[in-house]
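Take a look at the structure set out below.
In the working numbering, the protein residues as written are 4 to 350.
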C-alpha cells in the first residue's frame, strides 16, 4: 500500500526513476542528487518537504534528442478516438499521408501504449520498396509480431485462444500456417487441404483469413492493424485489405494505412481500394500530416537543451527554416549542429 508518511516530492522522485520512458527518467546522477539535496535542505529547515519542479539540474552531458511526439496533439486525439470507436464495436479505416520523414510511423507507434490499457492488439507491418513482388509481406510481418506477443502469455489463455482459432478455421488451418508459418507454434501441425480451382481457392483463402482475423478483433480486445508504406504494397495485399475492410461481419477493428501521396501516381491501385472501401459504407478517414511549426520545434529543443522557451526559440526558428519543419530533417540537422560543434555541452 501507499505510505502516507512519505513526502510527495520523495514519492515523485521515485516515480520519475521508475518511468517507463527513458526520456522521463533522470538523465544522470547529478540531477537526482540535486533533487535529493533540495529535499534534505527543506526537511532540515522546516521539518517538511514541499513540492517543487524535479529535474531542474538534470542535464545529460551526452547529446540526446528526446523521443517525444511534438506538434501532433490534434492528430493523436483523432487516433485515440478511432481506437475508442473500435473498442466499442466499430470497424473503420484511417489513412495517414505525408512526405517521407514527416512522422507518420512515430504518430501511429504511440497507439501501442494506449492499447495496453484496453487489452487490445496492436500489430504492424511495413512494405519494402525492394520487395514489391513478395505477396502479403507486411501483413505476414504484422501477424508474426502478433505471434510473438501471444507466446508471452500464460499457457491457459493461449490454450483458449488456440481452441477459438481451430473452431474458426475448421479444416482450413493449414491455409494460415502456410501463409504465416509462425502460427504453427500456436496451432500446431495442420492437416492437408484439398486443392481447388483458382477462383474457389482464392475465395477459400479470403474466407479463412477473415475468420482468422475475426478471432482477434473482439469486444474485450480490439485489433489495430497498421500497414506502413502502402505506396509499395503488392496487389495481393491491397486486395486482402479491401476484402477485410469491406466485410460486414468484422467489428472491433481499426485498419491504419500510411503512404506517401507524392510517390503514388493517379492510377495507383491503392486509390481504387480507397474508393471501394468508401463506397462499401465502411468509415474511412484520411489524415494528412503537415510540417512542424517553430513552436513545436521549440518544444523539442527545450527538452533537449533544458532551457526556458524564450532562450531556445531563436534557434528553433532557424531549425524550422532550414528543415521546413520535417521531423526527420529536424533530428538530422540537430545532429549535424552537434557533430560540427555548434552545440556543445558546457559542464
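Glycine included, C-beta positions come from ideal geometry on N, C-alpha and C.
> Considering only the beta carbon of each residue, do residue 216 and residue 247 sit closer than 8 Å?
Replying inline: yes
> Buried or exposed: which applies to residue 289, given that a residue is buried once 16 or more other Cβ atoms fall within 10 Å of its Cβ?
Replying inline: exposed
> With a CB to CB cut of under 8 Å and the five nearest residues on each side skipped, what residues in its chain are close to residue 37?
Replying inline: 59, 60, 61
> Roughly how many angstroms lie between the CA atoms of residue 224 and residue 90, to the nearest whole one?
Replying inline: 7 Å
> How many Å lie between residue 298 and residue 19 at the Cα?
Replying inline: 26 Å
> Can you give the Cα-Cα distance for residue 69 and residue 103, rounded to whole angstroms?
Replying inline: 20 Å
> The beta strand (DSSP E) spanning residue 258 covers which residue range?
Replying inline: 256–262
>> Using only the alpha-carbon positions, how far apart do residue 237 and residue 139 sit?
In response: 7 Å
> Opposite residue 221 in the DSSP bridges: which residues?
Replying inline: 224
> What are the start and end residues of the beta strand (DSSP E) that includes residue 289?
Replying inline: 286–291
>> For the structure I just gave you, are there three or more beta carbon pairs, one from the stretch 253–265 and one from the stretch 159–173, closer than 8 Å?
In response: no
>> Tell me the DSSP secondary structure of residue 16 in three-state form.
In response: helix
> Which residues in the same chain have their Cβ closer than 8 Å to the Cβ of residue 145, if we skip the five residues on either side of it in sequence?
Replying inline: 126, 127, 128, 228, 229, 230
>> Just to check my reading of the structure: residue 150 and residue 185 have Cβ atoms closer than 8 Å, yes? What is that Cβ distance to the nearest angstrom?
In response: 4 Å
>> I'd like to check one pair, residue 183 with residue 143: are the Cβ atoms closer than 8 Å?
In response: yes
> What residues are listed by DSSP as bridge partners for residue 123?
Replying inline: Residue 123 is not bridged to any residue.
> Under 8 Å between the Cβ atoms of residue 75 and residue 97?
Replying inline: no
>> Bridge partners for residue 98 per DSSP, in chain order?
In response: 260, 289
> Excluding the five sequence neighbours on either side, which residues of its own chain have a C-beta within less than 6 Å of the C-beta of residue 219, listed in chain order?
Replying inline: 124, 226
>> Can you give me the C-alpha to C-alpha distance between residue 324 and residue 317, rounded to a whole angstrom?
In response: 11 Å
> Would the beta-carbon of residue 222 fall within 8 Å of that of residue 271?
Replying inline: no
>> If you reduce the DSSP assignment to three classes, tell me which class residue 44 lands in.
In response: helix
> Nearest-angstrom Cα distance between residue 48 and residue 12?
Replying inline: 16 Å
>> Bridge partners for residue 296 per DSSP, in chain order?
In response: DSSP lists no partner for residue 296.
> When the Cα of residue 211 is compared with those of 188, 191, 253, which residue comes out closest?
Replying inline: 253
> Looking at residue 312 and residue 305, is the spacing between their C-beta atoms short of 8 Å?
Replying inline: yes
>> On the criterion of 16 or more Cβ atoms from any shown chain inside 10 Å, does residue 330 qualify as buried, or is it exposed?
In response: buried
> Across which residues does DSSP place residue 230 in a beta bridge pair?
Replying inline: 128, 260
>> Taking its Cβ as the centre, do 16 or more other Cβ atoms sit within 10 Å of residue 348, making it buried, or is it exposed?
In response: exposed
>> Under DSSP, the alpha helix (DSSP H) around residue 281 begins and ends at which residues?
In response: 272–282
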